[in-house]
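Residue numbers (the working numbering): 3 to 339.
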Ligand code: DAH
């Protein structure tokens with residue numbers, strides 16, 4: 003008996019066990035090496051003819067060989083068995099299913115989908131615009147005077163002298179009017195940014211939807227009709243509404259729309275700060291100065307515009323009192339919708 007022979011047998015075994023990939027192949031390997039007439043078993047028979055002084059050394063080598071070979075055989079057996087599909091007779095079809103967990107849309111996405119679908123029903127198309135905006139679209143073409151406080155670094159994230167993260171979705175109105183001639187009827191949802199101290203009421207990033215309608219003879223009455231119809235579909239009928247005069251550089255006249263608080267039905271509660279009213283959006287008639295920037299004939303065309311915050315609308319509808327919770331990805335919150 004030679005040491006090299008034992009080593010060769012080990013390496014032959016290693017190769018064959020590596021190749022075996024089915025129970026049948028594995029059994030062949032077992033028969034060849036480990037059965038009663040197998041190569042390894044036979045080596046033990048040969049030990050008898052080894053000279054007395056060499057017996058302890060070869061005895062030890064053979065024992066090691068048998069242990070190693072048996073171990074790697076058993077390991078391989080486990081691997082092959084665990085990869086095998088149970089045969090169909092062992093599948094119990096009466097067991098309950100595993101119940102796959104599926105996610106759901108974020109509440110802001112759901113709210114946006116609802117807003118979009120209502121305005122689509124009123125004949126509006128949906129447009130998109132860049133979040134990295136120029137000073138021109140975000141402010142200048144919207145008739146913001148050069149010294150307007152919103153242009154201050156304190157309120158706006160400037161990226162350079164000319165570029166900034168848009169502070170509202172209103173600049174998309176300019177982009178649409180530059181490309182298309184009236185009549186236009188569009189809404190523009192998207193993300194906006196403001197350099198504000200983060201609190202339960204304000205966040206540095208949030209979402210808005212702006213809307214615009216330009217045609218000949220568009221009136222404030224149509225603006226009211228559209229917004230009241232939106233609010234009825236979004237909040238359900240049976241609320242009172244009011245339009246309060248307001249100011250925006252890009253609309254004249256401008257207004258804000260309030261609806262009766264649907265939590266307390268106008269009686270006064272924490273959500274409406276005991277006023278009975280909730281402000282839901284800003285709006286107005288497009289300022290003729292804005293038309294100049296997009297080369298629309300302000301004598302021929304009039305238009306209305308409006309804008310609302312999606313977080314605000316969702317907070318009011320679902321009684322959520324902290325804006326930060328939308329962005330924390332806390333499943334205990336998200337699962338409620
Ligand atoms: N851009 C305004 C804001 O961020 C909201 C707004 C008010 C948009 C009136 C409009 C509008 O289009 O007509 O506060």
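C-beta: ideal position from N, C-alpha, C; glycine also.
- Residue state for residue 255 is assigned as strand, using DSSP reduced to three classes.
- Under DSSP, the beta-bridge partners assigned to residue 311 are 210.
- In the three-state scheme derived from DSSP, where H, G and I count as helix and E and B as strand, residue 172 is classed as coil.
- The continuous beta strand (DSSP E) containing residue 136 extends over residues 134-136.
- For residue 150, the number of other beta carbons within 10 angstroms of its own is below 16, and it is reported as exposed.
- Annotated three-state conformation of residue 139 is helix, per DSSP.
- When the five nearest sequence neighbours on each side are left out, the beta carbons in the same chain lying within less than 7 Å of the beta carbon of residue 33 are those of 40, in order along the chain.
- Residue environment analysis places residue 283 among the buried positions, since at least 16 neighbouring C-beta atoms fall within 10 angstroms of its C-beta.
- Around the beta carbon of residue 175, 16 or more other beta carbons sit within 10 angstroms, so the residue counts as buried.
- Beta-bridge partners of residue 217 (DSSP): 304.
- Apart from sequence neighbours up to five positions away, the residues of its chain that approach residue 294 with a beta-carbon distance below 8 Å are 300, ordered along the chain.
- Nearest C-alpha to residue 127 among 156, 215 and 86: 215.
- When the beta-carbon positions are compared, residue 169 and residue 316 stay at least 7 Å from each other.
- Distance from the CA of residue 99 to the CA of residue 93, rounded to the nearest whole angstrom, comes to 12 Å.
- Set against 6 Å, the gap from the CB of residue 206 to the closest heavy atom of ligand 1 is not smaller.
- Using a Cβ distance threshold of 7 Å, residue 211 and residue 325 do not count as a contacting pair.
- The Cβ atoms of residue 242 and residue 262 lie closer than 7 Å to each other.
- By the beta-carbon neighbour count (other beta carbons within 10 angstroms, threshold 16), residue 256 is buried.
- Restricting attention to alpha helix (DSSP H) runs no shorter than 4 residues, the region 78-134 encloses them at 109-123, ordered along the chain.
- Linking residue 186 to residue 133 through their CA atoms gives a straight-line distance of about 22 Å.
- The C-beta distance from residue 140 to residue 166 rounds to 6 Å, short enough to meet the 8 Å contact threshold.
- A distance criterion of 6 Å places the beta-carbon of residue 308 in contact range of ligand 1, judged by its closest non-hydrogen atom.
- In this structure, the beta-carbon distance from residue 252 to residue 217 does not fall below 7 Å.
- The DSSP-derived three-state label of residue 278 is coil.
- Here the C-alpha atom of residue 42 lies approximately 11 Å from the C-alpha atom of residue 63.
- When DSSP states are grouped into helix, strand and coil, residue 316 belongs to the helix group.
- Take residue 193, set aside five residues on each side of it, and the residues of its chain with a beta-carbon closer than 7 Å to its own are 133, 207 and 209, in chain order.
- Under the three-state reduction of DSSP, residue 158 is assigned to coil, being neither helix nor strand.
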